[in-house]
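Heads up: the structure comes next, in structure tokens.
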Amino acid sequence: MPEIDVSNVIPSPEADQVVARFDQFGLSPAILRALTDQGYIHPTPIQAQAIPIVLQGRDVMGAAQTGTGKTAGFSLPIIQLLLEHASPSMSPARHPVRALILTPTRELAVQVAENVRAYAQHTPLRSTVVFGGMDMKPQTVILRGGVEIVIATPGRLLDHVEQKNVSLGQVQMLVMDEADRMLDMGFLPDLQRIINMLPKQRQNLMFSATFSPEIKRLASSFLNDPVVIEVARSNQTADKVSQVVYKVAESNKVEVVEFLIRGRQLKQVLVFSNTKIGASRLSRHLEQSGIKATAIHGDKTQQERMAALDAFKKGEIDVLVATDVAARGLDISDLPCVINYDLPYNAEDYVHRIGRTGRAGASGDAVSVYSDKDERLLVDIEKLIKQTIARGELVGFTPSSSSSSSSYGSPRPPRDSAAAPSERRTRRPEGESASTPRLPERAPRSSSAPPPRRDKVDPWFLKPYEPANPGAAATTVAAAPSSSIKPARHKIAALLGGGPKH
DNA sequence: AAAAAAC
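Spelled out as structure tokens, the structure:
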């Protein structure tokens with residue numbers, strides 16, 4: 000297996016360093032106009048690194064998580080290169096697919112496609128997206144009409160190829176987005192079939208959040224002398240995510256999540272569940288208690304999934320309960336808060352999940368609930384992120400008398416009449432102020448209560464964490480952890496064979 | 001152990 004050349008590694012610029020302006024890359028006026036339309040002037044660090052390299056025609060291996068701006072990082076130079084080498088004929092039959100972008104999930108495909116379309120809107124280039132769960136016919140019509148750029152999930156793309164709706168014989172550029180995810184999902188055979196259909200002479204861009212041996216193998220098998228780019232989320236971003244966990248009884252988790260959402264009057268909160276059933280249950284519970292919530296997972300129809308995402312983005316619903324369909328790739332970011340209703344089985348997924356919050360200089364909260372049986376998962380997560388997560392104390396939470404697990408779908412009395420008014424299950428009328436708290440917004444400060452332990456009000460009811468083994472544990476946790484989530488440089492080092500073994 | 005993805 001050929002080793003990747005160390006000399007190609009590009010050091011990551013500081014997060015707060017303004018590297019360049021988009022108009023310094025030599026991009027066509029049509030592209031710049033599209034960027035101006037959207038108010039983009041300065042590239043993110045990944046864009047500043049990737050755009051010139053892709054423009055040079057080099058292969059790229061990117062260590063990329065969502066929220067780094069990587070989509071523009073590859074799609075802008077792809078559009079530029081396609082424009083520079085324009086097709087001689089404008090006949091529809093002469094719009095062969097010249098750039099192919101593969102993604103693991105349908106939602107990610109849609110979002111990448113939306114970006115590509117926006118960036119190419121002032122150019123003659125055509126693009127489309129194909130993915131499963133939808134009628135083949137409209138996709139077929141567009142493919143047969145000719146498009147230069149196709150964004151696809153692998154299975155449906157192969158379906159179209161087999162039906163001769165599209166040919167991949169003219170593809171000059173291939174992008175594999177979220178490659179680790181695609182391998183996790185068993186797409187390797189599909190990927191190999193697709194790659195075998197492409198011309199040998201082409202440019203390859205591969206993005207992955209992790210560098211497992213499988214990813215390395217895939218990279219060395221189809222990348223040609225790649226430039227390795229580090230595109231970690233900036234430290235600045237990670238610093239702004241304050242993390243907290245609450246240990247609760249398993250049977251109380253649903254109500255605790257409701258308590259947190261209601262008590263903090265959270266809007267635009269993304270809640271992760273490990274299971275589809277769990278996501279549906281929680282979403283139903285929240286809806287029945289008057290919180291605008293909906294679930295998104297793989298058992299929903301594609302229409303339902305898209306509608307849910309759309310409603311969430313538009314702010315029509317406040318809470319999106321998701322399985323890990325949304326953990327990676329999905330371009331819902333800049334959220335004020337992410338809640339883990341379950342701790343993820345895979346510690347890496349924790350990083351992906353909480354990466355949805357605290358972007359672009361804004362602060363974010365990553366809140367998790369867990370029970371006794373998940374202690375091990377928490378340990379794994381803390382080991383991975385190399386920090387201890389603050390233990391929160393739920394102040395003012397009283398579980399309902401009836402077992403929460405048996406009361407889904409059936410009315411039950413308010414668990415706390417003082418804090419939760421009787422209309423708690425009804426939807427809040429439009430006029431009523433959202434600031435009417437059902438539960439204390441912060442830890443109660445009544446005169447009879449003991450004084451707070453700290454001067455600063457702690458938004459997530461934090462209490463100092465007493466580690467079981469003080470010598471071994473990290474320092475006492477503050478509300479805002481200061482170390483970064485996970486330096487991607489380690490991953491790069493690992494890719495190159497010299498880094499720490501995980 | 002669960003999720004996602006082609007009919």
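Numbering that gives the first Met the number 0 applies: residue 0 is where the first sequence begins, and numbers increase by one. Glycine included, every Cβ here is placed at the ideal spot set by N, Cα and C. All values reported here derive from a predicted model rather than from experimental measurement.
Nearest to residue i by CA position, among the options, is which residue?
i           : options               : result
residue 309 : 170, 349, 340 and 267 : 267
residue 144 : 301, 253, 73 and 96   : 96
residue 24  : 350, 221 and 47       : 47
residue 380 : 324, 399, 203 and 345 : 345
residue 177 : 224, 106, 123 and 220 : 106
residue 336 : 208, 83, 224 and 356  : 356
residue 55  : 185, 101, 119 and 225 : 225
residue 363 : 265, 376 and 323      : 265
residue 369 : 390, 382 and 383      : 390
residue 323 : 125, 343 and 302      : 343
residue 101 : 180, 275, 393 and 367 : 180
residue 124 : 133, 94 and 136       : 94
residue 161 : 182, 146 and 189      : 189
residue 68  : 111, 60 and 57        : 111
residue 58  : 394, 263, 260 and 205 : 205
residue 135 : 121, 314 and 158      : 158
residue 193 : 223, 212 and 155      : 155
residue 37  : 119, 84 and 53        : 119
residue 241 : 304, 255, 387 and 83  : 387
residue 202 : 213, 184 and 221      : 221
residue 213 : 223, 104, 182 and 191 : 182
residue 288 : 304, 305, 314 and 260 : 260
residue 184 : 164, 385, 315 and 297 : 297
residue 40  : 19, 53 and 52         : 19
residue 113 : 75, 347 and 263       : 75
residue 165 : 223, 98, 52 and 378   : 98
residue 385 : 371, 374, 347 and 262 : 347
residue 303 : 140, 133, 215 and 163 : 133
For the beta strand (DSSP E) that residue i lies in, which residues bound it at each end?
i           : result
residue 317 : Residue 317 -> no beta strand (DSSP E), and no H or E assigned at all.
residue 364 : 363-369
residue 173 : 172-175
residue 385 : Counting along the chain, residue 385 falls outside any beta strand (DSSP E), and DSSP gives it neither H nor E.
residue 47  : Careful: residue 47 lies outside any beta strand (DSSP E), inside the alpha helix (DSSP H) at 44-54.
residue 245 : 240-246
residue 200 : Where residue 200 is concerned, there is no enclosing beta strand (DSSP E), given that its DSSP letter is neither H nor E.
residue 61  : 59-63
What are the boundary residues of the alpha helix (DSSP H) that includes residue i?
i           : result
residue 79  : 69-83
residue 252 : 252-263
residue 195 : 187-196
residue 215 : 212-221
residue 178 : 178-183
residue 29  : 28-36
Could you check whether residue j and residue i sit closer than 9 Å to each other, using their CB atoms as the reference points?
i           : j           : result
residue 228 : residue 45  : yes
residue 341 : residue 251 : no
residue 396 : residue 338 : no
residue 50  : residue 34  : no
residue 21  : residue 42  : yes
residue 291 : residue 317 : yes
residue 109 : residue 70  : no
residue 217 : residue 173 : no
residue 243 : residue 63  : no
residue 278 : residue 321 : yes
residue 245 : residue 367 : yes
residue 393 : residue 210 : no
residue 293 : residue 311 : yes
residue 276 : residue 325 : no
residue 307 : residue 319 : yes
residue 207 : residue 61  : yes
field: Segment contact, 8 Å Cβ cut-off, at least three pairs: the stretch 129-138 with the stretch 147-167
entry: yes
- prompt: Taking the runs of the beta strand (DSSP E) that are 3 residues or longer, which of them lie wholly in the stretch 268-348?
  reply: 268-271, 292-295, 318-321 and 336-339
query: Is there contact between the stretch 198-208 and the stretch 155-171, where contact requires at least three CB pairs shorter than 8 Å?
result: yes
- request: Would you mind listing the beta strand (DSSP E) stretches within the stretch 86-155 that are 3+ residues and don't spill past its ends, in chain order?
  value: 98-101, 126-129 and 148-151
- request: Evaluate contact between the stretch 352-371 and the stretch 280-288, counting only Cβ atoms and requiring at least three cross-stretch pairs below 8 Å.
  value: no
- prompt: Is it true that the stretch 67-87 meets the stretch 29-40, where meeting means three or more beta-carbon pairs spaced less than 8 Å apart?
  reply: yes
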